[in-house]
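Residue numbers (the working numbering), protein chains in the order written: chain A, 304 to 1803; chain B, 110 to 599. For each residue, glycine too, the CB sits at the ideal point set by N, CA and C. What you are looking at is a predicted structure, and each value in this text was computed from that prediction instead of being measured.
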Amino acid sequence: MKLECYPCKEGLYDPEFEHDACGVGFVAHLKGEQSHNIVALGLELLTNLEHRGAVGAEKNSGDGAGILTQIPDRFLRRVVKKSSNIDLPLFGEYGVGVVFVPREPDAYSETQSIVEQCIEELGQECLGWRKVPTENSSLGETVKGVEPIVKQVFIKKSDDIDTETFERKLFVIRKYIQSKVIASSVRGTDYFYMPSMSSKTISYKGQLITEQLPLYFPDLEEEDYESAIALVHSRFSTNTFPSWALAQPFRYIAHNGEINTLKGNINWMRARQSLLQSKLFTDDELDKIYPYLINEQKGSDSSVLDNVIELLTLAGRSLPHVMTMMIPEAWRDDEMSEDRKAFYEYHATFMEPWDGPASVAFTDGKVVGATLDRNGLRPSRYSLTKDNILVMASEQGALEFPSEDVVMKGRLQPGKMFLADLEQGRIIPDDEIKEQMATDHPYKEWVENQKINLDDLPLDHAIWQPNHETVKQRQKCYGYTVEDLKTVITPMANNAYEATGSMGNDASLAVLSHRSLTLYNYFHQLFAQVTNPPIDPIREESVMSLVSYIGSQGNLFQELDEERNFIKLSTPILDNEQMAKLKGISTFNFKAKSISILFEAEKTGEMRDALERVKQEASDAVKEGYEVIILSTRGVSDKLAPIPTLLATSAVHQHLIREGTRTSCGLVIESAEPREIHHFATLIGFGANAINPFLAFETIEDMRTQKLIREDLTHDEAISNYITAIGKGIFKIMSKMGISTIRSYTGAQIFEAVGLGDELIDAYFTGTPSRIGGIDIATLEKETMMCHSLAYPKQIVESSGLGVGGQYAYREKGENHLLSPENIFLLQQATKNNSYETFKRYTQTVDAVDENYITLRGLLDFRGQSPIDIDEVEPVETIMTRFATGAMSYGSISQEAHETLAIAMNSIGAKSNTGEGGENPNRFGTNKNSKIKQVASGRFGVTANYLVNAEELQIKLAQGAKPGEGGQLPGDKVDAIIGATRHSTPGVGLISPPPHHDIYSIEDLKQLIHDLKNANVNARINTKLVSEVGVGTIAAGVAKAYSDVILISGFDGGTGASPQTSIKHAGLPWELGLSETHQTLVKNGLRGRITLQTDGQLRSGRDIAIATLLGAEEWGIATSALIVEGCIMMRKCHLNTCPVGIATQDEALRAKYTGKPEHIVNFVRFLATELREIMAELGFKTINEMVGRVDRLKAKEGVQHWKAKHLHLDKLLYRMYVREEDSKYKTIEQDHGIESALDNALIETMREAIENKVVTKTELKVRNINRTVGTMLSAEMTRKHGEDGLPEDTIYINATGTGGQSFGAFVNSGITFEIEGDANDYFGKGLCGGKLILYPPANSTFEAYKTVILGNVAFYGATSGESYIYGMAGERFCVRNSGAKVVVSAIGDHGCEYMTGGRVVVLGEIGKNFGAGMSGGIAYIYDKDNLLSKRINQEMVDLDSVETDEDSNEVKEMIEKHIKYTGSKEASLILEDWEKSKAKFIKVMPRDYKRVLESKKEEK
Amino acid sequence: MGKVTGFKEYKRKNFTLAPVEERVKHYNEFTTPLSQDEMEEQGARCMDCGVPFCHSNYGCPVGNLIPQFNDQVYRGRWKDAFRTLMSTNNFPEFTGRVCPATCETACVLGMNETSVGIKNIEYSIIEKAYQEGWMIPLIPAVKTGKTVAVVGSGPAGLAVANQLNKAGHTVSVYEKESRIGGLVRYGIPNFKLDKQKVVQRRVDLMEEEGVRFILHANVGVTLPIGVLQDTYNAVIITTGAGNPRDLPIENRDAKGIHFAMEFLAQSNSRVEGETFDAEDEILATDKHVVVIGGGDTGSDCVGNSIRQGAKSVTQIELMPKSPDERTDEMPWPTYPRLFKLSTSQAEGSTTEFKMDFNVLSKSFIKDDEGKVTGINCVYIEWEGRGFSEIAGSEFVLKADLILLAMGFLGPLQDDVIKEISLETDERSNIKTTGFKTSVEGVFSAGDSRRGQSLVVWAIHEGRECAVEVDKYLTGKISMLNSKSKAHCEL
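Structure below.
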């Protein structure tokens, strides 16, 4: 079989959406001493990070591993002489290029001559070649199929240049060769690649697993292969077609993370090209590097990042400088110097952050270091030995040194840089590096001189408010509806937040709607899941920024451009006054040009021509030197209609990028069209720098004068509320993709279009995925004219009001919905009366009627009838077991509604789902026990006992209603039982964070899956994803992370309360996601390892049949199950007023609940019955043989619908080739690697303790590769003793060494771990009663209390238990703790975030943003030098002192225990003079919690 | 959305009715509306449902935007509520009085509480509009030059006329009687819907808006429809379902047996000052009245009979008595057939009044002068759709006046239908496709097209027909409001 080097687009699969995450690290000799030992240690480090990488369908096919070292001069000199008889010049006088040559005949000789020719052309001398010895016997077949020949080419420096110039020449040569080879006729150029070409560093890498690296490259084991630096990387790619080229390290960096804003960053880099000028490169050289300036032929985000870092470094900035400007820390910090802020601000005006989770290790051969993004979402730990061996890695303990040898340990902090200069022989602290950079130039002065403040500009005319009739006419022209005013704008103007809704979205997709919808409706927001985390824009606001700059960005290579001026905006929304000022600007020769985006309404087909005119005018304006281009819809009339603003914006943005002039001007939108948050986000995402939504403002003022909004608001207040709401909304949309700053969001195109044709996309929205084709510009014009003709009618129009809309709720005369009054009634009648006949009437109404399409599946038909007798089809009973109900938490729905679902599903062998709110233990072991227990980001009630009582554990990575967001349960819904179930305080609101704080990347998910499998080896692990472009690739990664089940949810489902923007505009229909996932898994040979499940508005047997044919073997129902229970789609779940007692905790309303388990059972049986009928029609005897048979589906013929007729569903219905040996449904169990766990032996040792409560002690040696220690032991014990566990210390384990990830996760009462050493991330995750003690080795020499001995996210979701940590812990300590009592020496940023219970005592330093979102529990911080209070986020907490005896005794007692267990000297000092120390403690107390406790006291 | 928790806080309050002893003394309306504050509180009870059943197919036929006007009333924005209401319903002053309010039986709150008082809210909105002077003639700014004739001035005819006039067409309404309004004028008793204060008030307004009314024109009988076809660009037949169901049993020819409509029309005309010759006069005064048929028309006969001073009134019904509450056979939100004493039946307390069910009329009894004296009846037992007589249960009902109120069988067949041979359907209604009859340029709407129905359905028919006629006349998509979602609009 022919294997491609890199997979092409096929069906819905697109390699563009590959993600990777990795283990990364380096070993260096601080004094720069070269030795083979460093290389050997590097390789050992790599091997110990293997569990962070991934293997594909074959065990011996890795995703990639590699090493970057200094040039091993001694070694090369020897081998090159021997192999090629070359005498190398002096070190530094020659360069080495590593080349991957295709294995095609003649490719070698042809590429060789191209390489040689390019070297000569750049004036250097090619000394000759060496074939690098390789040994491929350990490689898997798939990898061998794409294996290149590895060569090294040696280049001699010409005498007339210095070494730095030579390094730049080598760079130009490499880029030049690349474009030459690709342009050549050489066969298999896909394989051609140059890992490195430098006089300083060299790279060895390939598609290998870590331990294969030295086996494959015997060079690396040669004793004279010496280097002072070894940068290593182990890759975990979501795909299984990682290429040799994409293995890391690259030339300068090894990256663990993901650049979320990549598309925008690439566009912006392209847009800068025409402005680039450099003293260091000749114009000819620039021409040679342009074609592949920032990307390889096919690159990953990391490779692009590397390319830009390389470019900017060689163009003259230092490597640390480049890293700092591309991945800047958050710089609004009060503790930061003014110079440093100015440095960041200055760079911000011409370089947007490369945003996303990123831990980047870098080296140029002289310095080695690493930097971490502002959110700090990737772990990086380092240590230094007394022999000057410096090790940095994703994990502590990846290399083991005797504890007495370690002189320093530390971790990389968010936004900080860790740098070792081997020439200076020292580690340079972050502050020193940055202060140095910040004072290199007078940035502060530059900023002050160049900044224009918009508010200071004169206003040349008064702002005019049109009368009511004019406002209304304009509203009609832009398709405003009553809902836009009432549901969208009113809450924004009144209260500065966007409206909340519930029960998902069941209205027509824009392209299937009969009405004219705005262009924005065709774009769906993408969001982060698995491969990068969403962030919390509210609780972690400190990293978020809406600040942007308008003006020319100048020449990126040049540090100061005096000609340049810019306007600073604190929000991208301009009010009418600011807009007027900007239009009239004339300061500093700074000019703005208005371009009308209207077209002549009379002429059909005019819109396209008008767009061309707008583009031309924009080009002219740039040429004429305008710094701002304003696209304006002012002047609409009966003769002039508006081009959709988004279309005009993106068209101009893309056009200027193509011209390479986009960065020379700002793009500002003055439009009557945008009004909701999604509109603004889309405009910015497609290139707008600022927006003035003047009609929205006029509407608010009009409503204010009509008293339709709050009467107490002034005009300015209402407008300001609205702008604030937009800002918050944009934060939310950015953060769900993991993006922190609007500057990197601008133009990032993080959307998928549904229903826009290729022509439209290619011309105006280049690069935006739109996978099923769709409408053309003529149809778009028709949509525009429909609205325009209502505003400026040519005939008599009856209604003078706005349309009803019907988007947010069903309205007669409004948008079509899947759920109508008729079919809600029929479904309830059918299930209540057990009438299959009525059910058939119901399904007739939900399976697309006439041309009223709502969903994509409505456009599908079955194909190829080959009916069989229905008795031959598998029975209804077995089909019913494949159903699950969706995750709906007890708390969001009532106890009655929740238990009804469980009883019903249990009675037919199907599964119900707890949702994320935990489950009352009194249901365990009864018919009310939910088989699926969900593990969501809030970890409410996730204890060992909860986990062992599951048949399936579902990790919710996203939910359809609001993918990429967390949730919130208001305090009034938290009653006593719900509080107990969630381990929280009744009456206190609960927040679930947007990300799982233990999943920032795919390898983290792998870890959590491993944890849960350990917590319950009998449970299937299910990973819940939401459909979006690229979800198939993510799913492949999830399969490789050993999930047993993958659930693909549609965007439209969801029962929970969510922001309306998210309900309507985030995520994609399940049809696309499911089909893509099935196709990708099949293509990867991974399908057989996974059970694929789908849900999202599934309504009928037909829907289930389509889901099965598209690849799902199991299905979920949620909304429809609630309908059967009596829900009538009030969409009021968020208000606690559900009148049928389902989504409410109000006693009086709950009494109205009428649902019964039998009704649910009837429903599932009807679905299965109808499905079975379809199976018989199509000739399928079993579900398994039906799975993925897309060939039995076809696009509906004869579609007349004026928009839908443009769609092409061929990609959706693409049938991926299944290799004979592969299965297309689940047949193979995942290998969870449980056998190798230390716990197996521990359980045996503790058998007596577990069975008979005999106190037992044992000793244990642990390493970083021993993950999730203690969890299986705890599970085994919990199975016997339940929630209560055993008496304290019954099981006591003395461990030494480095605890691997998730040490002590879900450890129940009665188990104690005492560790002498250190530990990694997720320590004590989900601790539920156990005790964990950690202190440094007795013979260690560092100062324990300020040395990091514990990783990030310790005690995440702990519910009870105690822990004592002598030493410092990393970021996000005790996040979502709801009951554990912990004492620690010091901690990093975001401590105690979202905490709802428990006690935390910190005896020293805390990082920034302590206590954000903390609603319960108490933290005590020993603030010795009175410095720490400003690091506490006081949004929700009060800072008190320890006054009462109760408090004092509590803290004292905890410290006493801490001393007893850990021997902390510093703690003893504190206790020595307790009265004095006591006064230095800050008591951090959540206000809500305080209020509830006080009211309880009063009650008593 | 009304008030979020309004439905939990406020109880339903209804309009009060004058005491029966008082109201049977006159023919005037006898309800007293709630105060404005009370109505606003009632508006607060609306839950602004995600799926409002009140204006689904189970609810309001014209698609009144109920949650929207409830909210506006709650917020005291009466003028907005008025606009909202008028955008879907031409004659809320009719429906606010006589509609059986399927919106309320479909109201979600009504599932397990008392429903929102939608009908009273509708009444309050439109009456406030008249009171405040918001109901002004809306004279179309532009005339299209197209002309339309509407045959029959019942609610369907008035609605279609009102709509087409808005669209700028010149509309003439032909009515065979001497007053405009059809069933609304002649059928429904004045005490339920005041002829002068309400019906004529609206007719006057329409005239001011430019609609021409031609009385005493019995199209197809005294005025050939051909004349209209020649004169107008379109003709719309809205003649109603004027063919009453008869009871062809022995002695049907006896004097004193009348169709309910004959009786009701006289009664209503009398209220408007018309007088009748003694021999033609149908009066219940001092008579033993038997009303056959237990529906609304029957009830109207009861109310009028009592007011006229009948000695006794007996209402008999073939069907069994309906249950008092919903059963599984008539679940929410379907319209339930419940037994509810009508206001007229309630007035029976002032005289000798009786209702009886499962009664089959076997034959009429007449005296020598041919005057009816009674009915031979028998009780029956229902089994499914069939029934059998109960042996030995025969009895005689004494009667001087018998009113047949057993529904209608469709339009009269011998006027326009006959003249231009309009195709009819199996139920003898005029057959249409999209309101177009089998004859080019001739449309039909209302009961003549769909059979006997409610006033609100007639209005709906008129509105939807107007959209089709407008399209026919202009050749463009109509910009008149419609309940239909089929055409593209906002």
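Nearest-angstrom beta carbon gap, residue j and residue i [assumed within contact, 8 angstroms]
{"i": "A:F1068", "j": "A:S953", "result": "5 angstroms"}
{"i": "A:A1421", "j": "A:T1229", "result": "Going by Cβ atoms, the distance from A:A1421 to A:T1229 rounds to 23 angstroms, so no, they are not a contact pair."}
Minimum C-alpha distance to residue i - residue among the options
{"i": "A:G679", "options": "A:H1300, A:V1572, A:G509, A:L1496", "result": "A:H1300"}
{"i": "A:C1695", "options": "A:Y1669, A:I1724, A:Y1667", "result": "A:I1724"}
{"i": "A:R554", "options": "A:G356, A:K508, A:L970", "result": "A:K508"}
{"i": "A:G1805", "options": "A:D1398, A:L1159, A:G1585", "result": "It is not possible to answer for residue 1805 of chain A, since the shown part of chain A is limited to 304 through 1803."}
{"i": "A:F1713", "options": "A:K1786, A:N1642, A:A1647", "result": "A:K1786"}
{"i": "A:R1046", "options": "A:T1027, A:T874, A:I1709", "result": "A:T874"}
{"i": "A:Y494", "options": "A:C1436, A:V535, A:E407", "result": "A:E407"}
{"i": "A:G807", "options": "A:S1361, A:E1778, A:F1658", "result": "A:S1361"}
According to DSSP, residues forming a beta bridge with residue i
{"i": "B:M515", "result": "DSSP, once it has assigned bridges, lists no residue as partnering B:M515."}
{"i": "A:E903", "result": "A:L943"}
{"i": "A:S1798", "result": "According to DSSP, which records beta bridges pairwise, A:S1798 is partnered with nothing at all."}
{"i": "A:Y316", "result": "A:E313"}
{"i": "A:P1362", "result": "A:T803"}
Where residue i falls: helix, strand or coil (DSSP)
{"i": "A:W657", "result": "coil"}
{"i": "A:V327", "result": "strand"}
{"i": "A:I766", "result": "coil"}
{"i": "A:M910", "result": "helix"}
{"i": "A:G1274", "result": "helix"}
{"i": "A:K503", "result": "coil"}
{"i": "A:V1107", "result": "coil"}
{"i": "A:G1376", "result": "helix"}
{"i": "A:L306", "result": "Caution applies to A:L306, whose pLDDT of 37 falls short of 50 and renders its modelled position unreliable; the value that the coordinates give is listed next. Reduced to three states, the DSSP call for A:L306 is coil."}
Chain-order list of residues whose beta-carbon lies under 8 angstroms from that of residue i (same chain, five-residue window excluded)
{"i": "A:Y1025", "result": "I792, M795, A796, A799, A999, F1000, I1003"}
Sequence-distant residues of the same chain with beta carbon closer than 7 angstroms to residue i, five excluded per side
{"i": "B:P432", "result": "L447, F448"}
{"i": "A:T1485", "result": "E1177"}
Contacts around residue i, its chain only, beta-carbon distance under 6 angstroms, and the 5 residues preceding and following it disregarded
{"i": "A:V846", "result": "A633, R677, N678, S1043"}
{"i": "B:S587", "result": "V576, D579, K580"}
{"i": "A:R911", "result": "I1080"}
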